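Undergrad: The following block contains the structure, expressed as structure tokens.
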Amino acid sequence: MHEAVRPFIHHADVYACEPSELARQFRPLPRTGHRFFFTHCKLQQPHRAGKACKATRAAGAGSWHSQSVTDVVDGKQVKVGEMRKLRYKKGGAYTDWLMDEYSCCLQDAVVGDRQYMFSNIYVSPRAAPGSAARQESAAFFAPPAPVVIKQAPPPPPKMPAPQVAVPTAEAEEEAPANWTMADDEKEQHLLCNETVIVPKERILA
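With my numbering applied, the sequence shown covers 638 to 842.
Next up, the structure:
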């Protein structure tokens with residue numbers, strides 16, 4: 638495959654999802670908006686002998702419905718394939734999504750229960766400018782939705798630790814010269830300093 642067309646010819650199962658999903662994932666041609674795929678469809682075995690296998694074209698919540706079939710012939714007018722035009726139907730109503738499906742009649746095109754083909758998916762030229770299909774087709778070029786990151790609230794401010802006034806040597810020196818400590822106060826002061834002085838009279842008693 639030529640490098641110039643490689644970005645516009647995709648490999649995908651077009652019958653695995655709706656055309657709107659394909660439009661979001663795969664790049665269209667710049668001018669026409671067409672999307673080309675190498676794909677396959679599943680074949681159902683016929684209920685009666687002699688009947689051809691029928692392709693299953695369910696896609697997502699809807700399905701592709703055949704509108705017309707044209708034989709593809711070689712130079713000797715021998716049929717070598719088919720070109721089938723289909724329209725996507727969802728919810729009981731036809732949408733503006735169309736498909737041109739090219740299949741080959743050779744045995745090499747069928748592997749097991751799968752038939753390989755080439756498809757062109759596009760929006761109908763008759764679709765209104767604001768139709769759902771046109772908006773879905775432009776979804777590939779839409780900017781991604783902004784990502785909102787929720788941040789945790791900041792922690793509450795820490796309360797400062799209460800300050801305890803510690804008497805200094807200067808404060809003790811500034812005490813009045815005639816200041817005396819009562820006996821009870823002396824006893825409490827000594828207990829706070831982990832030193833206990835017991836009067837001699839209490840010991841003798």
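Glycine included, each C-beta is placed from N, C-alpha and C at the ideal position. The structure presented is a predicted model; accordingly, all values stated were derived computationally and were not measured.
1. Please confirm whether R725 and G699 have their CB atoms less than 8 Å apart.
2. Leaving aside the five residues before and after G687 along the sequence, list all residues of the same chain whose C-beta is less than 6 Å from its C-beta, in chain order.
3. In whole angstroms, what separates the C-alpha of H647 from that of A770?
4. Between the C-alpha atoms of E719 and V760, what's the straight-line distance to the nearest angstrom?
5. On the CB-based measure, 16 or more other CB atoms within 10 Å of its CB, does F778 come out buried or exposed?
6. Apart from the five residues on each side of it in sequence, which residues of its chain come closer than 6 Å, Cβ to Cβ, to G728?
7. Considering only their Cβ atoms, is the gap separating E658 from G697 smaller than 8 Å?
8. Three-state secondary structure (DSSP) at L743?
TA: Here's the rundown:
1. According to the sequence shown, residue 725 is Tyr rather than Arg. Their beta carbons are under 8 Å apart, which means Y725 touches G699 by this criterion.
2. The predicted position of G687 is uncertain, since its pLDDT is 44 and thus under 50; a value taken from the coordinates is nonetheless stated next. Closer than 6 Å at Cβ, skipping near neighbours: no residue.
3. 20 Å
4. 21 Å
5. exposed
6. none
7. yes
8. coil
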